[in-house]
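Protein chains in written order, with the working numbering: chain V, 174 to 631; chain B, 11 to 315; chain D, 9 to 345. Notes for the one structure printed next.
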Amino acid sequence: MRRYGVSKYVTAIAFLVIGLIVGAVIAMSSPGQVVTTTVTQSKVVTVTKTITPAAPKTTTQTTQKPTGFAGTIYIGTTISLKGKFAHEGEYALNGFKVAIKWLNEVHGGIKVGDKVYKVELKYYDDESSSQRVPELYSKLITEDKVNFLLAPYSSGLTKAAAPVAEQNKIVMVSHGGASDSIFKQGYKYVVQTLSPASTYLRSVVDLIAEKDPNAKVALIYENAAFAATVAQGAKDEIQKKGLKLVYEKPYEKGATEFGSIINEAMAAGADVLLGGGHFADGTALVQQAWQLGWKLKGIGIIVAPALAEFKEQLKEAADGVMYPAQWEIGVKYSPEAAKKLGIEWFGPTNEEYIQMYKEVSGGGTPDYHAAEATAAILHLAKAIEVAGSLDSDAVRAAFNKVDIMTFFGRLKVDPATGLQIGHQMVVVQWQSGEKKIVYPPEAAQASPIYPAENWYKR
Amino acid sequence: MDVSILAINLVNGLLWGIILGFAAVGLTLLWGVMKVVNLAQGEVILMGSYVAIILFTQYGLSPLVGGLVALLVGLVAGFLIYWALLHKLVGKVEKITLKIEMSTLLAMFALSIALLNFYYYSFGSEPRGFGLWNLGLPFIRVLGTTIRTNILLADALALISVAVVYLFLDRTILGKSIRAVMQDAQAASLVGINPVKIKLLTTVLGIGLTVFSGFMVLLFEASVTPEIAHKYAPLSFVVVVLGGLGSVVGSLVAGIIIGIIYGLSKVVVSLFNPRISDPVALSTAFIVLILILLFKPEGIFGRKR
Amino acid sequence: MAGKESTLSHYLKSPTLLIIVFVVLGILVARILGMSTLDTLMTIMYFMGIALSLNIIMGFAGYVSFGHAVFLGLGGYAYVLLVYFIKPLADLQNVGLGLGAFVVAVLAGLFAAAVAASVGAAVLRLRGAFFAIATIGLDFTALYLMKAIVPELNPEQFFGAQIILPADKIVEKDIVFNAMFLTLVILLAVNYYIRKSPFGVGLTAIKEDEDAAEVLGVPTTMFKIIAFTLAGFFTGMVGALFSLNGGGVDETLFNLGHSIDMIVMIVIGGLGTVLGPVVGSLIYFELYDLLLVHYPGVNLIILGIIVAIVVLFFPEGLIGLLRKYKVMGMRLRDLLE
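Structure, rendered in structure tokens:
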């Protein structure tokens, strides 16, 4: 062996320093072994995390068993508590908890025939990894013997879970997988609660067509399954409404520099920008459209503007930007509206929902990820009641008959594919630094600002 | 063909190419002088971006100050990387064998895993940048193309830096000894050049420049995510191979060539199928890489080996 | 080589072979007794499979293919496209308890192998870092071309480069398991055979000093191409079955992250041995899980540091380290392969 002299010590010290830093970081983020959360005044829900090296983490929720239940319906799912969907996962988990609380305590359990069942959720943390998902869903089915499944968050993970549900013939309700293509593969047991991706920009296009039939649209979107499906839906609607599509361009995943794309769109004379993909690229697209002085009458971007960070990063450029939302605080779906449409109301009202969410989450406010999650369980519960059976085939058939209104909106699936066709997206616009629902008129809090003054007259 | 579209893509390709070329200068020095391929190239670039971002968002310092601090941080990082990783592997070795080369690859590779995930952990996958900051004028119009002034600033800084590095290597004694080691390490040590000192200097310079280029990359991209590492690292390899190992000017020229090929191929493919123009244009850079490796592995500015 | 009988008895005395047999039996027993879910076993077999595939070129011949994920992606896309568009192949999957799926995976593997052979003939002239960079270039070329081609094949269904297999084209988990298991057993046998054969000796000579090997009469070019093609073939097969298990494929299969997995497993286990990748993949699987559960967020930072320590201080990996020692008077070097 050669002698390394001083370098050996520098190496050792460097590793020691790195080790110390990592150690400090770990100490800060060390996951608790047992987390206890108080959910209601009377009952204590204990969330126990048993951590074993090889096996994934199991989490079970136990509530005091109220009397009069004939049994328990177990609903299985994975939630992204770590990784890139951790933020969405936390909201979804709270959303699930609200639905279960409402079903067990307010609704008095799920009525199956003449019996009443309690509902319980069993879940694992999928770490936002599509590679973990099949393994965990098999586990839920074979070891935990769950009766029904909820899909994980995001289209990618839902895609990974769908074959498992299909192979085991168990109904799976999707609350965060918007891609249409999952439902066009002939899977029989997957149904959707949220609006599919193809409808995301439809309401935005409708709004623009009403305000400005001569709008010249540029469609700039991420070249990935979700955004491309959104764009396809928008294109169809643009054609239907007779708007002009003057520029169309998919960009690569992870793109943040849009110089030539925006220049080309400006050269094509576009005055409306539609598209986006994820948070990073959507924000960058709007930022550079602003910095390059693009005069736009309307801007409709998916995903990015819904987050508060969008406003923080873009400041005055955020105003005027519209985005489609599955749900937003302030939507006006109510039992009265349901009566007007002649369909049944199910679940808590919007006010009750926000109140219950606050209790469950310890003071938080729900976002659309939470609302989707809650709605998915309500949707499933209604289908079970209609079926009057715990058999997956019967429940899947019952989904075709369910047409209800919830705080989340109307829920109704396409019998053949399980795609959501009842629910409608709302359009939200940033106005003077605040989110306002501007479309459809029956749900609106404010009227849309079109053309966007700060973007067009500068 | 629409001429304005061609102009837009050529101008943007050129502006990007200069950044790309400068980002690869540090890599080409390390590879040329020490035969160390910095597989953590993308992550090292990001170091500069994040240093400037932290100073801007947390301490409210001007991005221009942030860029300068990024350069200093880069020089220190180079020093640490040399003593912690490289010295043990290549410090005292006169002839780099394939085995040692593999070890350095793996060591730099380990650094890249650790750094990349450190960024994910500390900064998340959200984009970060200077927001709407600019030098008072957000954009100007040149040749029918609207350009953000931040990009022009980045390009100007990159060109100046390349010139300074070139003069340093060409005119100063230290620079000349670096070039001597690059050409023939054994002969250089015979005439009294201390190879360890030169290797240390090269690493400090190479890593420092790469970190500094992260500032330009940030100005150009407007915002960065850890993902950017996977875009710039492979492209830097292409630039270095095309430009020739160790050639600073070659690196700049190669960057510009890649940028322009990218812009051109986008325009050409768009004529046939605009939907696929982006992926095809991105693949051209790598097709160029493989072709160069096969037919002219010494690159356009490199010496025959 | 010795005569048939003595070769056989030599094999039986080898603990390497015994360990391999134990690992294989272990997976089978776990499967039959239902000790672990099928998907967990699939993950283990997937890790072991990609490590053993890359081992053929990286471990034995010393050519580090940093872009080896390209073959994972090519195999995955080939498989999914084959069963998507060719009805008989989709039906074939269900034949013979996994044998059918295995055959389709062989077809997908052959596609990857064809690319490996044709590209290998060119890029294997390059050495060291240049080869590594060239394979990264190959990976990105394939990735972007796939992104350009796939959506055009079926614009109504394939968005981005994602393909989801329809319900009637996915198969029972048992079938995927059986096919993957068969692939793994063959892969182990191939690795072991190469290690013992003159071909393997030739590859090792290339690793030690390629010019000297050439002088000594080793047909280096041919050996390298064969090794690279085999590595591509098996990586493609594993990628194919992995995609079938996931019910589809997307561009993330080309991620250099998969190359990282393979290389790290081999480095931890030990370069140039058969046991190295096997042990390395088991350690990696456990480590990955352990770090993920206990230190989410920083797990990969720790992994990077572990790799750095292994490279700097234990460059031979675990098996390489063990081979230095004697147990009961026997040199482990002679026993562990």
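Backbone N, C-alpha and C define an ideal beta-carbon position, used for all residues, glycine too.
The CB of Met112(B) comes closer than 8 Å to the CB of Gly70, Val72 and Gly136 in chain D, given here in chain order. At a C-beta separation below 8 Å, Glu482(V) has these neighbours in chain B: Glu136. Ala407(V) is not a Cβ neighbour of Ala438(V), given a cutoff of 7 Å.
When the alpha-carbon of Pro614(V) is set against those of Asn267(V), Val377(V), Leu469(V) and Lys488(V), the nearest one is in Val377(V). Taking the CA atoms as reference points, Lys609(V) sits about 26 Å from Ala272(V).
Beta-bridge pairing by DSSP links Trp518(V) to Met578(V). Using beta-carbon distances, Tyr424(V) counts as an interface residue toward chain B, with a partner under 7 Å. Taken through DSSP and simplified to helix, strand or coil, Val226(D) comes out as coil. Looking at Gly273(B), Lys45(B) and Val263(B), the one whose alpha-carbon comes closest to that of Met112(B) is Lys45(B). Contact check for Pro236(B) against Tyr129(B) passes: the beta carbons are separated by less than 7 Å. Runs of the beta strand (DSSP E) lying entirely within the segment 471-510 of chain V and spanning at least 3 residues, in chain order: 471-474 and 494-498. Val279(V) counts as exposed, since fewer than 16 other beta carbons sit within 10 angstroms of its beta carbon. DSSP places Asp298(V) in the uninterrupted beta strand (DSSP E) bounded by Lys288 to Asp298. DSSP, reduced to helix, strand and coil, places Gly256(D) within a strand of the structure shown. In this structure, DSSP gives Phe167(D) a state outside helix and strand, which the three-state scheme calls coil. For Thr315(V), the chain D residues whose Cβ falls inside 9 Å of its Cβ are Gly42, Thr45 and Leu46, in order along the chain. Here Trp26(B) carries a helix assignment [DSSP, helix/strand/coil]. Across the set Pro336(V), Lys555(V) and Gly466(V), the C-alpha of Lys555(V) shows the shortest separation from the C-alpha of Val285(V). Your pair Gly309(B) and Gly31(B) does not check out as a contact, with CB atoms roughly 13 Å apart and the cut at 8 Å.
Burial state of Asn48(B) is buried, judged by a 10 Å Cβ sphere holding 16 or more other Cβ atoms. Pro423(V): member of the beta strand (DSSP E) spanning Lys417 to Tyr424, first to last residue. Counting along the chain, Arg151(B) sits inside the beta strand (DSSP E) bounded by residues Phe149 to Val152. Shown here for Ser534(V): same chain residues with a beta carbon closer than 7 Å to its own, the five before and five after excluded, namely Asn267 in chain order. Of the residues Lys209(B), Val251(B) and Ile268(B), the one whose Cα lies closest to the Cα of Tyr92(B) is Lys209(B). At a beta-carbon threshold of 8 Å, none of the residues of chain D lie near Tyr60(B); the nearest stands roughly 15 Å away. Sixteen is the threshold: since fewer than 16 other Cβ atoms of the shown chains lie within 10 Å of the Cβ of Ile94(D), the residue is exposed.
Taking a C-beta distance under 7 Å as the contact criterion, Ala137(D) and Ile274(D) do not qualify as a contact pair. Identification of residues in the segment 487-502 of chain V having a C-beta nearer than 9 Å to some C-beta of chain B yields Leu487, Lys488, Glu489 and Ala490, given in sequence order. Among the bridge pairs identified by DSSP, Tyr394(V) is matched with Pro423(V) and Gly449(V).
By the neighbour-count criterion, in which a residue is buried when 16 or more other Cβ atoms sit within 10 angstroms of its Cβ, Asn307(D) is buried.
Within chain B, the C-beta atoms nearer than 8 Å to that of Pro323(D) come from Ser113, in chain order. Shown in chain order are the members of the segment 386-399 of chain V whose Cβ falls below 8 Å from a Cβ of chain B: Asn396.
Not a single CB atom of chain V sits nearer than 7 Å to the CB of Pro73(B).
Gln602(V) carries a strand assignment under DSSP once its states are collapsed to helix, strand and coil. Contacts with chain B (Cβ-Cβ distance below 8 Å) from the segment 429-448 of chain V involve Thr429, Glu430, Gly432, Ser433, Ile435, Asn436, Glu437, Met439 and Ala440, listed in chain order. Residue-level contact check: Val315(D) touches chain B, since one or more beta carbons of chain B fall below 7 Å from its beta carbon.
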